[in-house]
Each structure stands twice: as C-alpha cells, then as structure tokens.
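Here the protein sequences line up with chains A and B, keeping their order. So that you can map any letter, position 75 of the first sequence is 75 in the working numbering, and since no number is skipped, the others follow by simple counting. Convert by adding 1000 to the 1-based position in the second sequence; the result is the number in the working numbering. Don't be surprised by glycine CBs; every beta carbon is placed ideally from N, CA and C. Every value quoted in this text rests on a predicted model; they were computed, and no experiment measured them.
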Amino acid sequence: MAIDTATPDTLDEGGAPERPSDVGRPEKPWYAGPNLLTGILGAAIGYLVGHWLGNAIASGYQQYQGSGQNDYAIVLGYVLATVGWLAGMGALTYPVQKMFGLQTSGEEENEHLDPTRRRPLRAYLTYTLDHKVVGVQYVVGILFYFFTGGLLALAIRTELLTPTSHVLPPGAYLEVVGTHGTMMMMMMTSAIIGPFGNYLVPLMIGSRRVAFPRLEALSFWLTPAAYVILLSGLILGGFPTGWTGYAPLSVEATQGQDAYLMAFAVISISMIVAGFNIAVTIVNYRAPGMTWTRLPIFVWSMLVTAMLMVLAAPILTAGCYFTLMDRTVQTALFDVNHGGSSYLWQNLFWFFGHPEVYILALPGFGIALELLPVFARKPLFGYRTAVAGMVGVGLLSFFVWQHHLFVSGMNPDMRPVVMLTTELISIPTGIIYLIAVGTLWRAKLRLTVPALFILGQLFNFLIGGVSGVFLSDVPTDAVAHGSYFVQAHFHYTIMGGLIFALFAGVYYWLPKMTGRTLNTRLGKIHFWTMFIFFNSTFLPLFAVGELGMPRRVFEYEQRLQGLNVWSSISAYLLGLSLLIFVFNFVKTVFVDPAPAEPVANPWGSRGLEWMTANPPLPMNFEHVPTVVSGPYDYGTDAGPMAILGPVEGQHDDNLAGAVS
Amino acid sequence: MDQAASVETTPGPEDAHARDRRIERAAERGAYWSGSRLFVALSAMLFGGGVFTYFYLHSLDSNTLWRLSGQRPSDFISVPVLGLAVGAGLLAWLYTRWLLRGQRVNPADWRVATGVASGMFLLAGLIQLWGMTRTGFAAGSSGYASTYTAIMPVFAVYCLGAAYWLETGLARSLRARHVMLDEVGEMQQQDRVAFRGSASGAGVFSLFVALVAVATFIMFSVLH
Chain A
1 MAIDTATPDT LDEGGAPERP SDVGRPEKPW YAGPNLLTGI LGAAIGYLVG
51 HWLGNAIASG YQQYQGSGQN DYAIVLGYVL ATVGWLAGMG ALTYPVQKMF
101 GLQTSGEEEN EHLDPTRRRP LRAYLTYTLD HKVVGVQYVV GILFYFFTGG
151 LLALAIRTEL LTPTSHVLPP GAYLEVVGTH GTMMMMMMTS AIIGPFGNYL
201 VPLMIGSRRV AFPRLEALSF WLTPAAYVIL LSGLILGGFP TGWTGYAPLS
251 VEATQGQDAY LMAFAVISIS MIVAGFNIAV TIVNYRAPGM TWTRLPIFVW
301 SMLVTAMLMV LAAPILTAGC YFTLMDRTVQ TALFDVNHGG SSYLWQNLFW
351 FFGHPEVYIL ALPGFGIALE LLPVFARKPL FGYRTAVAGM VGVGLLSFFV
401 WQHHLFVSGM NPDMRPVVML TTELISIPTG IIYLIAVGTL WRAKLRLTVP
451 ALFILGQLFN FLIGGVSGVF LSDVPTDAVA HGSYFVQAHF HYTIMGGLIF
501 ALFAGVYYWL PKMTGRTLNT RLGKIHFWTM FIFFNSTFLP LFAVGELGMP
551 RRVFEYEQRL QGLNVWSSIS AYLLGLSLLI FVFNFVKTVF VDPAPAEPVA
601 NPWGSRGLEW MTANPPLPMN FEHVPTVVSG PYDYGTDAGP MAILGPVEGQ
651 HDDNLAGAVS
Chain B
1001 MDQAASVETT PGPEDAHARD RRIERAAERG AYWSGSRLFV ALSAMLFGGG
1051 VFTYFYLHSL DSNTLWRLSG QRPSDFISVP VLGLAVGAGL LAWLYTRWLL
1101 RGQRVNPADW RVATGVASGM FLLAGLIQLW GMTRTGFAAG SSGYASTYTA
1151 IMPVFAVYCL GAAYWLETGL ARSLRARHVM LDEVGEMQQQ DRVAFRGSAS
1201 GAGVFSLFVA LVAVATFIMF SVLH
C-alpha cells in the first residue's frame, strides 16, 4: 500500500502554480468535481451493488435460504457503500493516478495554499488537504456524534424513570443502550485528536503542513460512513451485545450486529490513519529549535495517543473482521463447539479496549496541562515528569487488558499479575494529576471559562480515578463487575475527563479557529450547570451499583427508584446545559456579525499557535519559524517562544526531527 | 497576535523561501522513512492479532477440535506462494537498497527488478486467493481451519498491496525519468524526494510481506 503525500510547495513564492497546465485554467463549478452529493451517490450505488452481490453469493447456501437473514448481503453492502462513498468524495483519485505514474494536478493543494482565496462554505464539505479545514470538520462532526449519543442517553434515562412501567420494549431498550455506548466509545475516540490534533499540532510545532494530508482527510471522511452504518443497525433490529460486542452472542445475533461490526471496523481504520498522520507529523515536521523538551505538552499527549491508536486499533480491526468471518464465511473462531473460543474475542477486544481508555483520557490531560500554565501564569510544574507519565501510561496500557476478564473465566493464577499491572498504571496517571495540581499551587488562577472546565475535569477525574482503583482489585471487582458502579466510574473518567476537556479546548481554541470568542457569561452558565448536573447524574449511580443494580437492565427494584429518578432528572438538566453551549456556539460563529478585528491572543498564551493570525494563514506561517525558548516560560525573562522565520547566522536548515 | 509576532526575520525573502524548501524536503524524507516503518509496525500488530488467535486456539484445543487429522493446505498452493512472496520481497528490498545507496545497480536494473517483484507479488496474491477455494476443508470444521480461512485472505491482500506500491514507484520512474537522476533541478527535487521516499518504504514493506509469508507457512504448513 502506497503512502501518499501532498506536494504543498507546488507554488512558487508568489503563490502561483508551478505547473503550466494549472495556469489560466478556469475554475470548475462545484458540481463538476467530487463532492458530498457524488459521495452519497457513490455510497448508494456501492450499497446496492454489494447487496446484490451478497445475495448472489449466498443463494447457494442452505442456511440463508428462506431465513430472512443474509449477512453476506449486508456486509458486502456496507463495504462497497464505504468504498463508493470514498470514491464519490474523491479519496480514490490520487491512488489511481499513482498507478499510472501521474502527478497530481496540484489543484487541491492550490485551494488551501493560495492566500488570496477566501475559503467558501463548500470547502468544509469536501475532501480537502488543509489540516485546518479537517480540524473544523472534526469539530462539527464530533459535536454531532456526541449529541446523537447524548439523545440516546436521555432515552435510556427516560426508560429508567420507573422500575416496571416501560417507554421502550426490552429489545428496543437494549438496542438503544448498545447504540449509545458504541456511539460514545467508538465515535469519540477521535474527540480531541480529530479536531484539535489535526488543527493545532502543525501550528504548535511550527509546521506549515501535516505529513500525510490525504490520510488525514480520509480519517475524517470515514467517520460519517461509520456513523450512518452504526445507526442503520437500528433499522436492522439493533445489536444485543452492547458496545463490547461479546461472542458468542455477537455471532448469533441478527443483522444489526453486522452494523456494529462494520462501523467499529471502519472507525478502527479511521483511528489508525489519524494516529499515523499525527505521529509522523510530530516526529518529522517540528520547526528548527523545537526540541523534544520544548514540545508543548499537548503535542506530547497527541503523540502518545497517536501511537496507541496506531498500535492498538489494528487488533480491533482484526477482531471485527474475525467476527464478520464467523457470521458470513462460517468460520468458527468464537465457537467452542468447533475448535474456537468466545474468550478469544474478549482478549482481542480488550487488548484494544483498554488502551482505548487512555486514547480517550490522555488528550484530556494534554489539554489540562497545556491550559493550566496559561491561566496560572507560571511554568508547567514538572514538565519532563509529565512527559514520562504520559509515556508510562501509554506503555502500561498494553499490559492491563485482562482485568476485564477477572470474572469471566481467566486463569486464577494470572489475576494477581494483572491486578498488579492495573494498579501500577495508577502511578503515572497520578503523577500527571499531581503535576496539574502542582501547577496550580500558589498560582493566581484566572477563572476563565476554559480554566473552569479544566478544574471541573480535575475534580471529576479524581472521583473516576479513585473508583477505578477499586475495580482493579480482584475482590472488589468480583462484586462490582457489571453493576452501575462500573458505569458511574467510566462516565466519570470519560465524560468527566474527556468531555470537560473537550469543552475547555473548544472555548480556548475557538478564537484561534474562527477569530471569535464565545460569550463568557453564557460559557460560565454552561460550565456551572454542566458541572453540577453531571455530578448529580452520575454520583448517585455509584450508590445504585453498590445497592445491586446491574447494567443494561430496564427493570429494577422498587427501592432504587428514588436514586434513578434523581439521576434521570439530572440527566435532562445536563442535556439542557449542553443546549446553552449549542446556543452560544451557533450565535457566536454563525449569527453574530464578524468582529472588525479578529481576536488576537485572548488568553495571553506563549504558544506558537497564537503567533499566527486568527484564523491562521493558509500555510500557517509565512516562513518556517525558529523556536528559541520553551512554551511555558511564564513569569521568566524568556522572550517570545519563536521567531517567525530564519535567524541570521543560525544554521537551522533541518527541522528538529529531520532525518539527515 | 502578540508582541512576538512582530519580531522581524533577518535574512532576505529569497533566502527564507529557499530555507523553507530545504527544511520541508528534509521533513518529507523523514516522513517517508518513519511513515513506512510505522506502517510495517501497525501491519505487524494486525497480523499479531492473527498469530495470537492461532496459538490461543491451538493451546485451548476446544473440544479437541484445534485441527482435524491431515488437515493442511495443499503444498501445490502454499509452496509457490511462499516462493513468490519471499523472492519478490528480497528482490524489491535488495534492489531498492542498492539503488538508494548508489551501489551495483543502474536505474534500468532497478526498474526490471521492481517490475518482476511487483508481478511476483501479484501472482502470489492471486494464487492465494484462488487457493482459498481449494483448501479441501470446511471453514468452520476446526480452530485451525477457521484461523487459516481468516488470516490467509489478509495475507493475499497484503501481497496485492505490495504489488501496487512497487508498481506505483515503477510507473513514476517511467513517467518522470528525472526522479532517478542524481542531478536534478530545484523544481524537480520535490519529485525526487517523493520517489526515493516511496521506493525506500516499498522496499521495507516488501521485506515485511516476505516475512509474513514465512510466518504463515510455518504456522499452517510446518507446525502440527
């Protein structure tokens, strides 16, 4: 498989195209090239062809005849729909051109490199090579996926208002629970690396591009495909396995399970591609002077997260593929009666699944540690230790997955070993946490909206982290496993940690992306309502779990109704608090008139990303900058972090990460 | 923009643009190098899932159905596939290595070797896919049969991927012959960097696919 790169310096110094064929070429109308409509058309055609092909293949198999269930047709339909979608969006043009040794036209590059051209709205709906556009696409996409998952959560809480009266039938309840969990755990893996990693990493390391812009665009445009495939599962009867997809139920379930498996497989590819591009960019495209010890801590968190994605997600791809093989080709990998094992899925899934927890958590910590020095106006406490903590978490995350199998039949002799590794990971995690607290120590903190969200994140993660230590111990895990205690724990770590950090990032970096600042008053109302009702929703669930309520049930004991009603009403109010954000976001970005002068550096950050215009120039920097000091030298005599160009007499012809 | 943005850059604009280009080309070289190695690493994790599955099911031997007696793929398929993949991998890796180091080969030699290696990978992939219809055992008859049926199509796809990657390098060198020259103009440097980076990556990837061929052959045709 070829690795592609764009050629962004196909422009000469004046911004004119190098290739004679591009000169004077009239601009094509939007409908003449690949676009959203051709993408949808390609997906529809692909699905129909795949479905027809699947029916043709399965017509010879007895088990499908008259069963009303043909997994071949569904799976091939999804595969070819995804391929058709990508082809329609123009993602396959370049690989095909390469087969014939053709150069790319340069047109796509020009679109984002010509500084005189204003970016039209449709540029955000295309397969673009501009990392900033991809970042914005991710912002909108991730928020959309998050709110979809949130609506499903409200449906769950509605059902749980009463112990025996029902809004949803039992099957539908399971479908909603499974789709909510999968939507949140699957689609939100790129919640921070997608929007902020893609948009900010090049700016923060002083690069004018990413390493593989086509792969970056591919990573985003796979997510709508996965989203639609996952939701289509509801039409096909849903999947009864929840987000973990345990075998043998996943092999025996109806066609909705195909949607779960295909969506997860597509997202795993998206994760691999996104992580791959970010990791290679950070390693190779750092500006002169941007040494590893000057790298912003957020970029470090992106690097570790990217490596986790690249190395863990392929196992998920393999697991989904194996299950699809069991469901279609009739292999027996998960069938104990024919030489397989259902525990195989648990091992494959959690080998990915536990690093995924840190794929979700580390970027949140990256944002916290990045923002705290800005608002505390003092250097990051223990920068190198924080980096070591992040790398330590990343490494250890590959050695803890079997704690998810504590009560499902693992070798009892292995339990202490896994318990030990699981508890060990709390050490680097704790170090990162203490570094955040150390940065706050004796600081005169400015309580801006992003700072409030970071403080909220630290509070929530403390509860999530401490409750996690209980679950790493075999005796307590044996009691709490599968209960609402676990559910409360991971909502505190993921929503309390990741989503609060996501909002901190949106409030902090939106001025960078748009030149506009979100309304502070509305932002503070959003924070306080979200913080209060988040805790009000999930804190009671620890008690509910301790009192014996298992997860994924839609009937429960009468005595637990009070706590459940409290939690459900809090969940509605939590949803309302998110609407405040939506209102603020839409009003600021789309309704309010553009400010006469875009905001410059509203937080007084030293970060390199704030040294360019807001929003940034098409190529980020006019010249590759030279980094001369660290990003967190607040309250010291250090000058600006970088000089925006070469420095006379300084030999800096190599990027910090260049391979000579 | 804060005060730092107003810091003036001292060298002239021509020098600055030349510096930008030099820096970004160095970065692109590095991106190809580390990108191709990282791609091999993630592919190793993907096959690692398969290898784990093989040994996990082998050790469990559920219902003593790990492997039915005499169950193995035909040597008339697996041996040629092994030979083609290993031969292609070594050919592509060695000739690319020699070309990039300026040793032993001239551009024409490299083109012939790459074309042959690409064809061999293509043939290996196609034979393997055809061989999936000639296994002689049902896909779900045992743990072994299931593992074989699941892993080998992925290996075949990797063979086809290696053929594609090599072919793109060959096509580029034929359409833009300057990419293989030592002395090229400033405007052509970009193509040359991209070609050399892609060729280097393809060589390493080809060697990896050859190693996978050896590993799968040992797992499915040698071990019992």
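- Remark: three or more beta-carbon pairs, one from each stretch, lie closer than 8 Å, so the segment 176 to 186 of chain A and the segment 147 to 160 of chain A are flagged as touching.
- Only those residues of the segment 1119 to 1151 of chain B whose C-beta falls short of 8 Å from the nearest C-beta of chain A are listed: Ala1138, Ala1139, Gly1140, Ser1141, Ser1142, Gly1143, Tyr1144, Ala1145, Ser1146, Thr1147, Thr1149 and Ala1150.
- Nearest CB-CB separation between A:Asn564 and chain B: not below the 8 Å threshold.
- Taking A:Met307 as reference, the option from B:Ala1016, B:Gly1119, B:Ser1036 and B:Leu1042 with the minimal CA-CA separation is B:Leu1042.
- A distance below 6 Å between beta-carbons, with the five flanking residues on each side excluded, links A:Ala225 to the following residues of its chain, in chain order: Thr82, Trp85 and Val266.
- In the same chain as A:Ser207, and ignoring 5 residues on each side of it, the C-beta atoms closer than 6 Å to its own belong to Tyr285, in chain order.
- When the Cα atoms are used, A:Pro296 and A:Ile205 turn out to be separated by approximately 8 Å.
- At a C-beta separation below 9 Å, B:Trp1066 has these neighbours in chain A: Gly339.
- Annotation for B:Ala1210: Ala1085, Val1086 and Gly1089 place their beta carbon closer than 6 Å to its own, counting only its chain and skipping 5 residues before and after.
- If you keep only unbroken beta strand (DSSP E) runs of at least 3 residues inside the segment 202 to 258 of chain A, you get nothing at all.
- Nearest C-alpha to A:Phe220 among A:Tyr246, A:Ile192 and A:Thr331: A:Ile192.
- Inter-segment contact for the segment 325 to 344 of chain A and the segment 392 to 399 of chain A is absent: fewer than three beta-carbon pairs are separated by less than 8 Å.
- Rounded to whole angstroms, the separation of the alpha carbons of B:Gln1189 and B:Asp1182 is 10 Å.
- Interface flag for B:Glu1167 against chain A is set, since a Cβ pair is found closer than 8 Å.
- Close to chain B, meaning a Cβ-Cβ distance shorter than 9 Å, is no residue of the segment 126 to 141 of chain A at all.
- As the crow flies, the alpha-carbon of A:Val391 is around 22 Å from that of A:Phe490.
- Excluding residues up to 5 positions away in sequence, Phe1208 lie with their Cβ nearer than 8 Å to the Cβ of B:Ala1044 in the same chain.
- In the DSSP assignment, B:Asp1191 falls within the unbroken alpha helix (DSSP H) covering Gln1189 to Phe1217.
- Secondary structure at A:Ile142: helix, using DSSP grouped into helix, strand and coil.
- Straight through space, the alpha carbons of A:Pro625 and B:Arg1021 are spaced by roughly 13 Å.
- Judged by DSSP secondary structure, B:Arg1172 falls within the alpha helix (DSSP H) whose first and last residues are Gly1143 to Arg1175.
- Taking 8 Å as the threshold, the shortest C-beta distance from B:Asp1015 to chain A falls below it.
- DSSP places A:Trp509 in the uninterrupted alpha helix (DSSP H) bounded by Phe500 to Thr514.
- When the alpha-carbon of A:Val449 is set against those of A:Tyr507, A:Thr421 and A:His404, the nearest one is in A:Tyr507.
- If you keep only unbroken alpha helix (DSSP H) runs of at least 4 residues inside the segment 554 to 607 of chain A, you get 561 to 586.
- DSSP, read as helix, strand or coil, puts A:Ala332 in coil.
- CA-CA distance, B:Gly1102 to B:Ala1026, rounds to 19 Å.
- Within the same chain, and ignoring the five residues on either side of A:Ser570 in sequence, the residues whose Cβ sits closer than 6 Å to its Cβ are Phe533, Ser536 and Thr537.
- Per DSSP, the unbroken alpha helix (DSSP H) holding A:Glu370 starts and ends at Ser342 to Ala376.
- For B:Arg1097, the enclosing alpha helix (DSSP H) has its first and last residue at Asp1075 to Arg1101.
- Here the C-alpha atom of A:Ala318 lies approximately 13 Å from the C-alpha atom of A:Phe334.
- Close to chain B, meaning a Cβ-Cβ distance shorter than 7 Å, is no residue of the segment 505 to 521 of chain A at all.
- Counting the other Cβ atoms within 10 Å of the Cβ of A:Ala211 gives 16 or more, which makes it buried.
- In terms of Cβ geometry, B:Gly1203 and B:Tyr1032 do not form a close pair [threshold 8 Å].
- The Cβ atoms of A:Phe542 and A:Ala488 lie closer than 8 Å to each other.
- DSSP lists no bridge partner for A:Ser190.
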